Amino acid sequence: MSSRFISFLAAVLLLGVAAGVAFSALRHHWAPDLAAIYFGASAYAAGELQSVYASPSVFFGALIEDPVWISLAESQGLAGKPLVSFVYPPLVAAIFAPLTETLGAVEFLEKGVALELFCLCLSVLLARSLAANRLPAAHWAIASLIIGLPTIAVQNAFFHAQPQIIITSMILLAFVLYRKRWDVPAGLVLAIAGSIKLAPLFLGIVFLADRRWRAAAATALGAVAFAIVGTAVTGPEMQLAFFAQIGRAGGSHLLTPLSYSAAGLLTAAWGIVSGTPADLLNDKSFVRMEAVAWTTGLSYLLLFFGSLLILTKTRRLAFADALPLRLIGIWSLLSVFGPLGWAHYAVGPILLLPTVLCLYPRRQALLLLMPIVVGLSLPTGLIVIWLAPGISLGSVAAILSLLVLPVAFMAGTGQQRLGDDADGD
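Going by my numbering, the residue at position 146 of the sequence shown is 146; the numbering climbs one at a time, nothing skipped.
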């Protein structure tokens, strides 16, 4: 056997062991984020369409009290379990509805956790492929575990069994296909991911910058087709209910260690300046504020123009170098300046961080990665909370950390040394 194949087997074994340990810890854990899919689909299967998009009076910071959801939970002995809103297209509810008629919620969550852990392991290997397999597979897996496991983003995704893990693997798959110049499949995969979570559609800006029109068209037409099929299957009323749910979710800005939203920080700062400060004291780790239009707009402008600058600064690089750097930079900006900014949105950029070890001189790579790894880590988050227990600004270090690489790419840091040394596999 070749050394490359042995390294790949070692990586698979290492990731498999890590996934097995995580599964044993999480298989009986109640995960409200994943449970939302089960109960939304259950309501759809029961014909209780008005309850699919049930939501509390305060969208974030309160739990579902819809009688249909409560009844479904009680019928399975799950009374008192926290339930949060279903915020996915109605086609997702229609697809999972048959499963809810054969699986109980606990069994659904157990299988969902297994699927997510598989997708996370797959994502590690897909991220390596995006970096043109420059590091041996075993080395990449070790680096991914060292960098990723201590982060709040990955821990939070684990703890909540966040479906974003599956979306992350789809995004990475789309760009691996794109790297191999399978443009139409790449666009279609990104379209599906973006149709489920919306924000990933923005990453299609890479296709436009490269003038890969088939990939861009496949993304746009795939998203339109997803919406048409969803409307045909579930009806226009359900589609409108989905958009209304998105509106309710976007009506708040949050300050919490689990949200890396720049809009939340801007809204809090504006409240202080305008004389209506948010309640940042009293040991609160979760502060909800009404969304402010200009802070949302400013965040989106920073996302757009920051992405354009990254695309411009990397345009002279070889394609194999530019693609992972662009994806890390723009995806990081999307995690900070995009909608809501939950920590688990940053799992994708985190999985791509070992790319820096491949493309930059080792010393420079470590100088770039160290503040990111430290700033995103759970110990740093706990230290910040310990030092300032009455201020809900625990995410500031993480936000600054996520901006390190985008700013470095905008400045062209070290890019003059990059060259295309991909192995081509």
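The beta-carbon is built from N, C-alpha and C at its ideal position, and this holds for glycine as well. Quick caveat, the model's predicted, so the values are computed rather than measured.
Distance between Tyr38 and Ala73 (C-alpha atoms, nearest Å): Using only the alpha carbons, I get a separation of about 10 Å.
Member of Pro56, Ser144 and His139 whose CA lies at the smallest distance from the CA of Ser3: Distances from the CA of Ser3 to each of Pro56, Ser144 and His139 were compared; the closest alpha carbon is that of His139.
Under 9 Å between C-beta atoms of Pro32 and Val84: In this structure, Pro32 sits near Val84, with a CB-CB distance shorter than 9 Å.
Other residues of its chain near Pro339: CB distance less than 7 Å, five sequence neighbours each side excluded: Excluding sequence neighbours, Pro339 sits near Ala199 and Gly250.
Cα-Cα separation between Leu301 and Phe8, rounded to whole angstroms: Near 42 Å, if we compare the C-alpha coordinates of Phe8 and Leu301.
Three-pair Cβ contact test at 8 Å for the stretch 395 to 411 versus the stretch 335 to 354: Verdict: yes, contact present.
Extent of the continuous alpha helix (DSSP H) to which Arg288 belongs: Counting along the chain, Arg288 falls outside any alpha helix (DSSP H), though it belongs to the beta strand (DSSP E) covering Val287 to Glu290.
Contact set for Leu309: own chain, Cβ-Cβ below 6 Å, skip 5 residues either direction: Cβ within range, chain order: Met410.
Under 9 Å between C-beta atoms of Ser307 and Ala263: Against a cut-off of 9 Å, the Cβ pair of Ala263 and Ser307 comes out as no contact.
Endpoints, beta strand (DSSP E) assigned at His427: The structure shown does not extend to residue 427, since the chain is modelled only from 1 through 425, so no value can be given for it.
Neighbourhood of Asp421 by C-beta distance below 6 Å, restricted to the same chain and skipping five residues each side: Residue confidence is low: Asp421 scores 46 on pLDDT, short of 50, so the model does not pin down where it sits. Its coordinate-derived value is still stated next. The answer is none, since no qualifying residue turns up.
Minimum Cβ-Cβ distance from Pro354 to chain C less than 9 Å: You won't find chain C in this structure, because it holds only one protein chain.
Rounded separation between Gly204 and Trp331 - CA only: Approximately 11 Å between the Cα atoms of the pair.
Distance between beta carbons of Ile192 and Phe226, contact taken as under 8 Å: Contact between Phe226 and Ile192 holds, since their C-beta atoms are separated by about 7 Å, short of 8 Å.
Backbone CA spacing between Ile166 and Val273 [nearest angstrom]: Going by C-alpha positions, Ile166 is about 40 Å away from Val273.
Bridge-paired residues (DSSP) for Ser2: The partner list for Ser2 (beta bridge, DSSP) is empty, contrary to what the question assumes.
For Thr100, three-class secondary structure by DSSP: Helix, per DSSP.
Under 9 Å between C-beta atoms of Tyr345 and Gln155: No.
Opening and closing residue of the alpha helix (DSSP H) in which Val176 lies: Per DSSP, Val176 belongs to the alpha helix (DSSP H) from Gln164 to Arg179.
Counterpart residues of Trp342 in DSSP-defined beta bridges: Listed as beta-bridge partners of Trp342 by DSSP are Ser259.
Proximity below 9 Å, CB of Gly341 to CB of Ser259: Yes, the pair counts as a contact, with Cβ atoms nearer than the cut-off.
Exposure label - Ile294; buried when at least 16 CB within 10 Å: Note on identity: in this sequence residue 294 is Trp, with Ile being the wrong assignment. In summary, Trp294 is exposed, with fewer than 16 beta-carbon neighbours lying within 10 Å of its beta-carbon over all protein chains present.
Where Ser51 falls: helix, strand or coil (DSSP): If DSSP states are grouped into helix, strand and coil, Ser51 belongs with the helices.
Pairwise C-alpha distance: Val21 and Ser144: Near 16 Å, if we compare the C-alpha coordinates of Val21 and Ser144.
Residues bridged to Thr151 (per DSSP): The secondary-structure analysis by DSSP pairs Thr151 across a beta bridge with Ser377.
Cβ pair count under 8 Å reaching 3, the stretch 82 to 99 against the stretch 221 to 236: Touching, yes, given that three or more Cβ pairs across the two stretches are closer than 8 Å.
Terminal residues of the alpha helix (DSSP H) in which Asp210 lies: Counting along the chain, Asp210 sits inside no alpha helix (DSSP H), nor does DSSP assign it H or E at all.
Same chain, Cβ closer than 6 Å to Thr168, neighbours up to 5 away in sequence not counted: Cβ within range, chain order: Ser123, Val347 and Gly348.
Residue range of the unbroken alpha helix (DSSP H) whose run includes Gly112: For Gly112, the enclosing alpha helix (DSSP H) stretches over residues Ala105 to Leu130.
Cβ-based neighbour list, Ser412, same chain, cut-off 7 Å, excluding 5 preceding and 5 following: It is worth fixing the name first, because residue 412 is Gly in this sequence and not Ser. A distance below 7 Å between beta-carbons, with the five flanking residues on each side excluded, links Gly412 to the following residues of its chain, in chain order: Lys313.
Stretch-stretch touch, CB-based, cutoff 8 Å, three pairs: the stretch 102 to 120 with the stretch 316 to 325: With the rule of 3 Cβ pairs closer than 8 Å, the stretch 102 to 120 does not count as touching the stretch 316 to 325.
Asp423 burial status per 10 Å Cβ neighbour count (16 or more: buried): Annotation note: pLDDT 49 at Asp423 (below 50); position unreliable, coordinate value reported separately. Around the Cβ of Asp423, a 10 Å sphere holds fewer than 16 other Cβ atoms; the residue is exposed.
For Ile171, the nearest candidate out of Leu188, Ala41 and Ala157 (CA to CA): Of the listed residues, the one whose Cα sits closest to Ile171 is Leu188.
Start and end residues, alpha helix (DSSP H) containing Ser319: The sequence given here has Phe at residue 319, not Ser. Where Phe319 is concerned, the enclosing alpha helix (DSSP H) starts and stops at Phe319 to Phe337.
Close-in-space but distant-in-sequence residues of the same chain around Gln162 (CB under 6 Å, 5 per side omitted): Sequence-distant partners of Gln162 (beyond 5 residues in either direction) whose C-beta falls short of 6 Å from its own C-beta, in its chain, are Asp33 and His344.
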